[in-house]
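2 protein chains.
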Amino acid sequence: MTDQTTAAEGLPEPPWRERKDSPRTPLTRQAIVEAALRVLDRDGMDALSMRKVGEELGTGAASLYWHVRNKDELLQLVFEAVSEETTLPAPDPSRWQEQLRDLAGEMRRSMNRHRDVARISLGRIPAGPTLANYSEWLFALLQPVGVPDQVIAYLGDLMGLYIGAFAFEESLGVASPTGEDLPPGEIIQMFRDYVASLPDDRFPRTKGAIDLLFGGGDDERFDFGVEILIRGLETYAAGSAS
Amino acid sequence: MTDQTTAAEGLPEPPWRERKDSPRTPLTRQAIVEAALRVLDRDGMDALSMRKVGEELGTGAASLYWHVRNKDELLQLVFEAVSEETTLPAPDPSRWQEQLRDLAGEMRRSMNRHRDVARISLGRIPAGPTLANYSEWLFALLQPVGVPDQVIAYLGDLMGLYIGAFAFEESLGVASPTGEDLPPGEIIQMFRDYVASLPDDRFPRTKGAIDLLFGGGDDERFDFGVEILIRGLETYAAGSAS
DNA sequence: TCCCTTTATCGAACACCGTTCCGTATGTCG
DNA sequence: CGACATACGGAACGGTGTTCGATAAAGGGA
Numbered sequence: 001m002t003d004q005t006t007a008a009e010g011l012p013e014p015p016w017r018e019r020k021d022s023p024r025t026p027l028t029r030q031a032i033v034e035a036a037l038r039v040l041d042r043d044g045m046d047a048l049s050m051r052k053v054g055e056e057l058g059t060g061a062a063s064l065y066w067h068v069r070n071k072d073e074l075l076q077l078v079f080e081a082v083s084e085e086t087t088l089p090a091p092d093p094s095r096w097q098e099q100l101r102d103l104a105g106e107m108r109r110s111m112n113r114h115r116d117v118a119r120i121s122l123g124r125i126p127a128g129p130t131l132a133n134y135s136e137w138l139f140a141l142l143q144p145v146g147v148p149d150q151v152i153a154y155l156g157d158l159m160g161l162y163i164g165a166f167a168f169e170e171s172l173g174v175a176s177p178t179g180e181d182l183p184p185g186e187i188i189q190m191f192r193d194y195v196a197s198l199p200d201d202r203f204p205r206t207k208g209a210i211d212l213l214f215g216g217g218d219d220e221r222f223d224f225g226v227e228i229l230i231r232g233l234e235t236y237a238a239g240s241a242s
Numbered sequence: 243m244t245d246q247t248t249a250a251e252g253l254p255e256p257p258w259r260e261r262k263d264s265p266r267t268p269l270t271r272q273a274i275v276e277a278a279l280r281v282l283d284r285d286g287m288d289a290l291s292m293r294k295v296g297e298e299l300g301t302g303a304a305s306l307y308w309h310v311r312n313k314d315e316l317l318q319l320v321f322e323a324v325s326e327e328t329t330l331p332a333p334d335p336s337r338w339q340e341q342l343r344d345l346a347g348e349m350r351r352s353m354n355r356h357r358d359v360a361r362i363s364l365g366r367i368p369a370g371p372t373l374a375n376y377s378e379w380l381f382a383l384l385q386p387v388g389v390p391d392q393v394i395a396y397l398g399d400l401m402g403l404y405i406g407a408f409a410f411e412e413s414l415g416v417a418s419p420t421g422e423d424l425p426p427g428e429i430i431q432m433f434r435d436y437v438a439s440l441p442d443d444r445f446p447r448t449k450g451a452i453d454l455l456f457g458g459g460d461d462e463r464f465d466f467g468v469e470i471l472i473r474g475l476e477t478y479a480a481g482s483a484s
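Residue numbers (the working numbering), protein chains in the order written: chain A, 1 to 242; chain B, 243 to 484.
This is the structure:
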């Protein structure tokens, strides 16, 4: 993976060239971002410190600041790198619902592929060409079915927000209201027991639907949000009075 | 406001009873939560440290740990306190769209009333009776119009997620992709200029809608999300084939 | 009254964090 | 050969959440 030999040369480094203390990859913006992503995947967001990224590269934290303004910029770069992993299919307006569903799933998956990356995404915009590509794709998909431009413009924001927020919560897990950290299952059970203990006469409907409230998994909840979005969008398409 | 005299006694404290060094409110869970909320409102989330909350109460950070397990629990308590500020009207199914819109606005407002409280909300559930009240209210509002129970159950989650995430982004502002912190207007302008600089032939639709993309304010964007949600919900109500 | 346990408070310390300062190498150009 | 910009990294600064252990006050039998 991080071999010193390259295909271009085709030969191993002679032994006397080996450096004793750290055959490091040269420190570049990209190498730093990759290292950060490696730390993120392995140890999670809470453990992602400048010192750790430095260590991952065989150096100290201070060295990073030559290539990167501060931690926030590094996070932005990591976020952009992940954003670029998603590829868009050719837009096909006749299957716009399906393509939108796929895109949402794809984005969620790319967030979940790299642990905790969702915690970076909120309040951030993938500044590069990625954003423009998404935007153009959405317009190409939805203009032909009659969705007004203003709606499409807002929709980009909305989808990013929803998917980011959902993945954020997913990566965070449910926080215990008592501050201790328990497995998610136990916390859910805690809430469920609490609801079950409420008086029947004041919360009849909630108690009746208790299985529905606590039953669904993350996938079902996510798909529901996407479904609402698409159904809402359908009312803007074609021949609907504004 | 934090007078030492109470209406029950009706008399001021005699001067010789005054303590020299800190006429503190006694350290209780509630007093700590109130102090934290005061710090949050005044100085924002980034400045909310245990030391600062302690200072606000005229003591040190360590003293808080007797009443509160850790910072996370304190934040949860703050979040719950804010959650309880919102009151629900009597559910009127004949105006369910309007009431849902109002509730969304109300929740957003209560998030924005206390600076940065949205940054606590994500991944958290208002554990107390608040949650059950919301749930019961939603069922009472939407069951009569024919929305399936499962949809109502998911909807509670979804609304909380959307409003929390939106307020989160709002309180965070837009992060500059370069890591420096600039006024939001300048960052928007940066993005706008970037989009304007893209080649016309590759991004014709995006460039044509540039005013729509960057034009809307926060209120419009928020309302749009709520509108999509309600429109999607309408397709579940009454006589819609599942 | 004495004594012991529980409740409550807090200064000091620990192990981190992001960031800056400043000295030192390592080229590259004139 | 100097001079200069680039690249790097040890040490320190001021901050963080949290723990430890010493202390004080309050209650409750005997």
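Ideal Cβ positions, reconstructed from N, Cα and C, are used throughout, including at glycine.
Query	Result
Rank A/F222, A/L75 and A/A81 by C-alpha distance to the C-alpha of B/Y396 and give the top, closest one.	A/F222
Against chain B, with Cβ distances strictly below 8 angstroms, would A/N70 count as a contact?	yes
Please list, in chain order, all residues of the same chain as A/L131 whose beta carbon is under 7 angstroms from its beta carbon, the five residues on each side excluded.	I125
Closer than 7 angstroms by beta-carbon distance: list the chain B residues that pair up with A/S110, in chain order.	None at all; the shortest Cβ gap to chain B is about 18 angstroms.
Quick one: list the residues of chain A neighbouring B/S305, beta-carbon separation under 7 angstroms, in chain order.	Per Cβ cutoff of 7 angstroms: no residues; B/S305 is ~17 angstroms from chain A at best.
Below 8 angstroms on C-beta distance, what does A/V82 contact in chain B?	Per Cβ cutoff of 8 angstroms: no residues; A/V82 is ~14 angstroms from chain B at best.
Note down, in chain order, every chain A residue with its Cβ under 7 angstroms from the Cβ of B/L471.	I228 and G232
Compare the C-alpha of A/V174 against each of B/P333, B/D344 and B/L364 and name the closest.	B/L364
So A/P91 and A/W137 are in contact, right, with Cβ under 8 angstroms, and what is the actual spacing, rounded?	6 angstroms
If you follow the alpha helix (DSSP H) that A/D149 is in, where does it begin and where does it stop?	D149 to L172
Measuring CB to CB, does A/G225 end up less than 8 angstroms from A/F168?	no
Below 9 angstroms on C-beta distance, what does B/Q318 contact in chain A?	A175, S176, P177, T178 and G179
Compile a chain-ordered list of the residues in the stretch 133 to 154 of chain A whose CB is closer than 8 angstroms to at least one CB of chain B.	S135, E136, F139, A140, Q143, D149, Q150, V151, I152, A153 and Y154
For the stretch 426 to 445 of chain B, enumerate the residues whose C-beta is nearer than 8 angstroms to any C-beta of chain A, in chain order.	F433, Y436, V437, L440, R444 and F445
Just to confirm my understanding: we take A/S83, look at its own chain, exclude 5 residues before and 5 after, and list those with CB closer than 6 angstroms. What are they?	P126 and T130
Shorter than 8 angstroms from the beta carbon of B/L414 to some beta carbon of chain A?	yes
Could you have a look at A/L213 and say whether DSSP puts it in helix, strand or coil?	helix
Along chain B, which residues have their Cβ under 9 angstroms away from the Cβ of A/A209?	S377, F381, D391, Q392, I394 and A395
Using a Cβ-Cβ cutoff of less than 6 angstroms, which residues in the same chain neighbour A/L77 once the five nearest sequence positions on both sides are dropped?	V33
With burial defined as no fewer than 16 other Cβ atoms inside 10 Å of the residue's Cβ, what is the status of A/R42: buried or exposed?	exposed
Going by Cα to Cα distance, which pick from A/A36, A/A31 and A/G215 is closest to A/F191?	A/G215
Tell me which same chain residues have a C-beta within less than 7 angstroms of the C-beta of A/A104, skipping the five on either side of it?	M159, I163 and V226
State the Cα-Cα distance for the pair A/L206 and B/Y376, rounded to the nearest angstrom.	Checking the sequence shown, residue 206 of chain A turns out to be Thr, not Leu. Each residue's Cα considered, the two are about 9 angstroms apart.
Inspect the CB distances between the stretch 226 to 235 of chain A and the stretch 96 to 115 of chain A and report whether three or more fall short of 8 angstroms.	yes
Using the C-alpha atoms, what's the distance from A/S176 back to A/L182?	7 angstroms
For A/F139 and B/E315, what's the separation of their Cα atoms in angstroms?	45 angstroms
Identify each residue in the stretch 270 to 303 of chain B for which the Cβ-Cβ distance to at least one residue of chain A is less than 7 angstroms, and report them in chain order.	none
Helix, strand or coil for B/I274, going by three-state DSSP, please let me know.	helix
Could you give the distance in angstroms between the alpha-carbon of B/G450 and the alpha-carbon of A/G146?	16 angstroms
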